[in-house]
Each structure stands twice: as C-alpha cells, then as structure tokens.
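Below is one structure; the comments refer to it alone.
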Amino acid sequence: MRLPQVRARFEKVLEEVTLYTPHHMEEMKSIFDQEEEVKRISNDPQWMSPTMRGRLHLHVKAVCNELHNTLMAINEQDKLCWWKNTHRTGMPTSNGWDARDVQLRNSTYGFLSMYT
Numbered sequence: 000m001r002l003p004q005v006r007a008r009f010e011k012v013l014e015e016v017t018l019y020t021p022h023h024m025e026e027m028k029s030i031f032d033q034e035e036e037v038k039r040i041s042n043d044p045q046w047m048s049p050t051m052r053g054r055l056h057l058h059v060k061a062v063c064n065e066l067h068n069t070l071m072a073i074n075e076q077d078k079l080c081w082w083k084n085t086h087r088t089g090m091p092t093s094n095g096w097d098a099r100d101v102q103l104r105n106s107t108y109g110f111l112s113m114y115t
C-alpha cells in the first residue's frame, strides 16, 4: 500500500529534476565562462612583470608600459559585461548555428551531386 505512493512520489521528483537539468547546465556553463574570463583578465598583466619589461628594448618598453597601465585600469566587471554582450554563452547554438551548418552541408552536397 505504501509502495505505490513512494513510487509515484519518486517518479514526480525524477521528472522535475530531469526538466531542470538543461537549465542548470546552461547556468553552470555561464558561471564557468565568467570565472575563466576573470582568470584571464587577472593573468593578462602578469606576463609583463618588471623582470620582463627590463629586458625589452627602450622603445618597446614605452609601448609595454602603456599597455600595462591600460590593462591594469580595466574594470573586471565592465570587461565581463562586454564579454557577455559580445560572446554570449552558447552563442552558436542560440543563433541556430547547427541548423545553418546542416543547411550548408546539404546545399554543398547538393551542389556536388550535380557534377557526379
């Protein structure tokens, strides 16, 4: 008598979890992309350490110093907003990239089949 109730409840919970999984994966991908971008932004200035700059030629030094100052002035939050607006998470699939790829392949194969 209790087993059917437990089974129905389990199936309901399993269905809810299954429906939420794609949304959760998209959220995690977005979070991962943002964390990777933060790491990239924070590591960019490190390659221009004082030791590295000391070895460079004088006219290159001025350019590197200016670049270093520009990179250090970047606001990580603004950069993340720019990155998100420019390279949206999952951009190729959200813009129908897969459908265009299939369409292109079909049209290419159709074009080639005319000559075979």
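All residue numbers for the sequence shown refer to numbering that gives the first Met the number 0, where the first residue is 0 and numbers rise by one. We treat Cβ as the ideally placed atom computed from N, Cα and C, and that holds for glycine. Just so we're clear, the structure is a prediction, and the values are computed from it rather than from any experiment.
Throw me the rounded Cβ distance for the K118 and I40 pair, which I believe falls under 8 Å. Since the first residue shown for the chain is 0 and the last is 115, residue 118 is missing from the structure and cannot be characterised.
Rounded C-alpha distance that separates E10 from K28: 27 Å
Distance CB(E75)-CB(V16) smaller than 8 Å: no
Look at the alpha carbon of N68 and the alpha carbon of I30, and state the distance between them as a whole number of angstroms. 28 Å
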